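Chains as they are written, first to last, in my numbering: chain A, -3 to 107; chain B, 20 to 139.
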């Protein structure tokens, strides 16, 4: 059984604050690490697919880093906005076919 | 069209009923997936179809029966379910690059909004 842990479980921040959360995963037989953003009653939306140690990806105010040797990835949100409120899921894979998801970090941005 | 659609949005069924969940995509993706998500838990992979053939079954009970009638459609047939099967059922699709089942590389998965299933 693969263990993918996300912390914190939930987070409340004020509008304009920057924030970050962690995904930790097994460091052996790494293939890829995915980040998804999931708003209530909507479909999970892919943010990043990261495959190389040291990868850093950015999409607007959201960025992510990857350390495959120690088995963690950070997701950063700069200048949080209420519309960033969602659950952020990471998913680890050892092959192209199968994703193992973490339980997610539920972010609430207060206006 | 970059959307994965799922019907119905909500389904309530008894333990003796037979029902089906449907998933559709028109992105030309040749890999399709069923996940199950219980409250406060991560989505768990159930089945993977690649080129309309079942490639992964994660030891799912036979009361769940997947079907991929063509490259755009994925069904999940439900029969004799238990109350503990109540969950959100998510469908996803992705490209398959590489050209064959053994060497294919799956890219990011596009998810539908899910079907909320309640078994009474």
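Glycine included, each C-beta is placed from N, C-alpha and C at the ideal position. Here the structure is a predicted model, which means the values were calculated and not measured.
If you ignore the 5 residues before and after residue 81 of chain A, its C-beta comes within less than 8 angstroms of the C-beta of 35, 103, 104 and 105, all in its own chain and listed in chain order.
Contact note: residue 47 of chain B does not reach chain A at a C-beta cutoff of 8 angstroms; the least C-beta distance is about 17 angstroms. Put simply, the region 62 to 72 of chain A does not touch the region 39 to 56 of chain B. Fewer than three CB pairs are less than 8 angstroms apart. Against chain B, the CB of residue 100 of chain A has a partner CB under 8 angstroms away; the residue lies at that interface.
An exposed status is given to residue 34 of chain B, since fewer than 16 other beta-carbon atoms sit within 10 Å of its beta-carbon.
In this structure, DSSP gives residue 102 of chain B a helical state, which the three-state scheme calls helix.
Around residue 40 of chain A, the beta-carbon contacts reaching into chain B at under 7 angstroms are 130. The residues 42, 44, 110, 111, 112, 129, 130 and 131, in chain order, have a CB closer than 7 angstroms to that of residue 23 of chain B in the same chain once the five nearest residues on each side in sequence are set aside. Annotation: residue 39 of chain A is outside any beta strand (DSSP E) and is labelled neither H nor E by DSSP.
Contact annotation: the region 15 to 28 of chain A touches the region 83 to 97 of chain A, with at least three C-beta pairs closer than 8 angstroms. In chain order, 38, 40, 134, 135, 136 and 137 place their CB closer than 8 angstroms to the CB of residue 30 of chain B, counting only its own chain and leaving out the 5 sequence neighbours on each side. A Cβ-Cβ separation of about 6 angstroms places residue 43 of chain A in contact with residue 58 of chain A under the 8 angstroms criterion. Within the region 17 to 99 of chain A, complete alpha helix (DSSP H) segments of at least 4 residues are not found at all. In the three-state DSSP reduction, residue 81 of chain B falls in the coil class, being neither helix nor strand. In the structure shown, the three-state DSSP call for residue 65 of chain B is strand. Neighbours of residue 62 of chain B across chain A, judged by C-beta separation under 9 angstroms: 40, 85, 87, 95 and 97.
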